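In order, the protein sequence lines correspond to chains A and B.
Those letters in the first sequence? Residues 1 to 203, per the numbering used here, in order.
Those letters in the second sequence? Residues 204 to 406, per the numbering used here, in order.
One structure is given here, and the rest of the page talks about it.
Protein chains: 2
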Amino acid sequence: MPDQEMTAKAKRDAQAPKPLRADAQRNRDRLVEVAAQAFAADGVDASLEEIAKRAGVGIGTLYRHFPTREHLVEVVYRREVEGLCHAAEELAREHAADVALELWMQRFVDYIATKRGLATSLRLLLTTNSTLFSDTSGRVSGAMRSLIEAAAASGKIRADVDASDVMHALGGIYSAPNTPDWRERSGRLVKLLMDGLRFGARG
Amino acid sequence: MPDQEMTAKAKRDAQAPKPLRADAQRNRDRLVEVAAQAFAADGVDASLEEIAKRAGVGIGTLYRHFPTREHLVEVVYRREVEGLCHAAEELAREHAADVALELWMQRFVDYIATKRGLATSLRLLLTTNSTLFSDTSGRVSGAMRSLIEAAAASGKIRADVDASDVMHALGGIYSAPNTPDWRERSGRLVKLLMDGLRFGARG
DNA sequence: CACATAAACGGAGGTGCCTCCGTTTATTTA
DNA sequence: TAAATAAACGGAGGCACCTCCGTTTATGTG
Numbered sequence: 001m002p003d004q005e006m007t008a009k010a011k012r013d014a015q016a017p018k019p020l021r022a023d024a025q026r027n028r029d030r031l032v033e034v035a036a037q038a039f040a041a042d043g044v045d046a047s048l049e050e051i052a053k054r055a056g057v058g059i060g061t062l063y064r065h066f067p068t069r070e071h072l073v074e075v076v077y078r079r080e081v082e083g084l085c086h087a088a089e090e091l092a093r094e095h096a097a098d099v100a101l102e103l104w105m106q107r108f109v110d111y112i113a114t115k116r117g118l119a120t121s122l123r124l125l126l127t128t129n130s131t132l133f134s135d136t137s138g139r140v141s142g143a144m145r146s147l148i149e150a151a152a153a154s155g156k157i158r159a160d161v162d163a164s165d166v167m168h169a170l171g172g173i174y175s176a177p178n179t180p181d182w183r184e185r186s187g188r189l190v191k192l193l194m195d196g197l198r199f200g201a202r203g
Numbered sequence: 204m205p206d207q208e209m210t211a212k213a214k215r216d217a218q219a220p221k222p223l224r225a226d227a228q229r230n231r232d233r234l235v236e237v238a239a240q241a242f243a244a245d246g247v248d249a250s251l252e253e254i255a256k257r258a259g260v261g262i263g264t265l266y267r268h269f270p271t272r273e274h275l276v277e278v279v280y281r282r283e284v285e286g287l288c289h290a291a292e293e294l295a296r297e298h299a300a301d302v303a304l305e306l307w308m309q310r311f312v313d314y315i316a317t318k319r320g321l322a323t324s325l326r327l328l329l330t331t332n333s334t335l336f337s338d339t340s341g342r343v344s345g346a347m348r349s350l351i352e353a354a355a356a357s358g359k360i361r362a363d364v365d366a367s368d369v370m371h372a373l374g375g376i377y378s379a380p381n382t383p384d385w386r387e388r389s390g391r392l393v394k395l396l397m398d399g400l401r402f403g404a405r406g
């Protein structure tokens, strides 16, 4: 067995378990996409068969990729977090620092909504997969931190607050039960908070 | 409406929600009994339809009494705890204090085994029903405490230990994974512990 | 390009879940 | 004891889960 070949294979095995076949990758992505919509619309108990059907694959394919419902939930949730963090970078690039922060916080509200929706299933995951929570909450608060620091540095918002203060202020969003007007209330909370942050800013 | 009647009904409503009809009570008891066996034998995922069948009732009856699997699990678990505590009293009555303690600890091993078996489902319950854990662990440690105090008072075991020391010593039982010889190991642990407790006793 | 083959697909089928409602029965009242 | 009725029963039916395996397909090789 040639050395080069051996090394390449060994490296693959070590970290990236599988270079998925093209069609498999397509189907997998499709499934996650559809599942995200389904969970958002119908809650975590959305029918897996329905998800498979809407993704245009057989139920067997779904189960091969995600052996349990929780696996699928986890992937969807991580994707949500990924999207949220990515949005932070994008908004920062395309808007003034304070606007970026505000838009991002609005999106954060959506994220919380998802999180609430998935909560029951996540609770199970959290007992099993204890890195999930620390991973994601670290990433999210990191994203927020950089938006706030940028906004403060640019003088668009006051400089005497820090990310954890703002996170704390957003805490109110968690606590509100699922009233139908929850989204609007949260939107107003974000605006209010932004007013406070802008008040007395340098620029 | 006569006063007496009113009072009787009010009292009932206040604490004992339902004086179950005789047949209903019988069926309910039967179900719990069978479920306990089934969970012990097949784990928490035992088929509910099978349980209903073995209890000689329709599946509808099972669901009327226990709207979710977790309800049933909880009742079975509480019954387990009840049995364990009751055994403590009985053993104390029928054996010398040190023997009672030893026999009870052997039975405690069985209880832990059940608890492990039900663990997955219990975890869900514990997030919902937060009194469950405090209720039961209080009752169990109370039972142990009285056995130990009685044994110490009678001079059958040394007096310089207390219940929480022993509980701590038994902690090892929790940690062992589900190896096939877990039961024997735990049995030996109990014996060993008893030897230690008897050593240097007064009587 | 044709072939080999490992990888992925998909859905039939068997099982369990749970609701719904017509039937049966324990208990109360006269 | 007989009739009235509230309570409980039970299982058919419909839906979702998940496994298993015969079929299809992407990809590497000559």
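Virtual Cβ for every residue (Gly too), placed ideally from N, Cα, C.
The structure presented is a predicted model; accordingly, all values stated were derived computationally and were not measured.
Mapping DSSP to helix, strand and coil, what is residue i?
i               : result
D248 of chain B : coil
V364 of chain B : coil
D181 of chain A : coil
S130 of chain A : coil
V57 of chain A  : coil
S146 of chain A : helix
G155 of chain A : coil
M397 of chain B : helix
F199 of chain A : coil
H95 of chain A  : coil
With 16 as the cutoff for other CB atoms within 10 Å, does residue i come out buried or exposed?
i               : result
L395 of chain B : exposed
A159 of chain A : exposed
E297 of chain B : exposed
E90 of chain A  : exposed
T136 of chain A : buried
Y174 of chain A : exposed
F199 of chain A : exposed
E80 of chain A  : buried
A22 of chain A  : exposed
R28 of chain A  : buried
D195 of chain A : exposed
A239 of chain B : buried
P222 of chain B : exposed
A354 of chain B : buried
How many Å lie between residue i and residue j at the Cα?
i               : j               : result
I351 of chain B : L373 of chain B : 13 Å
D301 of chain B : G390 of chain B : 16 Å
I262 of chain B : L327 of chain B : 23 Å
S141 of chain A : W385 of chain B : 44 Å
S333 of chain B : H274 of chain B : 14 Å
H289 of chain B : L62 of chain A  : 49 Å
I112 of chain A : H168 of chain A : 14 Å
F311 of chain B : Y280 of chain B : 14 Å
R388 of chain B : W307 of chain B : 16 Å
D165 of chain A : D368 of chain B : 44 Å
D174 of chain B : K115 of chain A : No answer is possible for residue 174 of chain B: it lies beyond the span of chain B, which begins at 204 and ends at 406.
V235 of chain B : P383 of chain B : 27 Å
State the CB to CB distance for the pair residue i and residue j, rounded to an integer number of angstroms; the pair is presumed to be in contact (CB under 8 Å).
i               : j               : result
V278 of chain B : S324 of chain B : No, V278 of chain B and S324 of chain B are not in contact; Cβ-Cβ is about 12 Å, not under 8 Å.
R54 of chain A  : V34 of chain A  : 5 Å
L84 of chain A  : A143 of chain A : 7 Å
R272 of chain B : L251 of chain B : 7 Å
Please tell me whether residue i and residue j are closer than 7 Å, where the distance is taken between their beta carbons.
i               : j               : result
A163 of chain A : R139 of chain A : no
I51 of chain A  : A38 of chain A  : yes
G358 of chain B : A295 of chain B : no
V190 of chain A : Q106 of chain A : yes
V44 of chain A  : L118 of chain A : yes
L400 of chain B : I360 of chain B : yes
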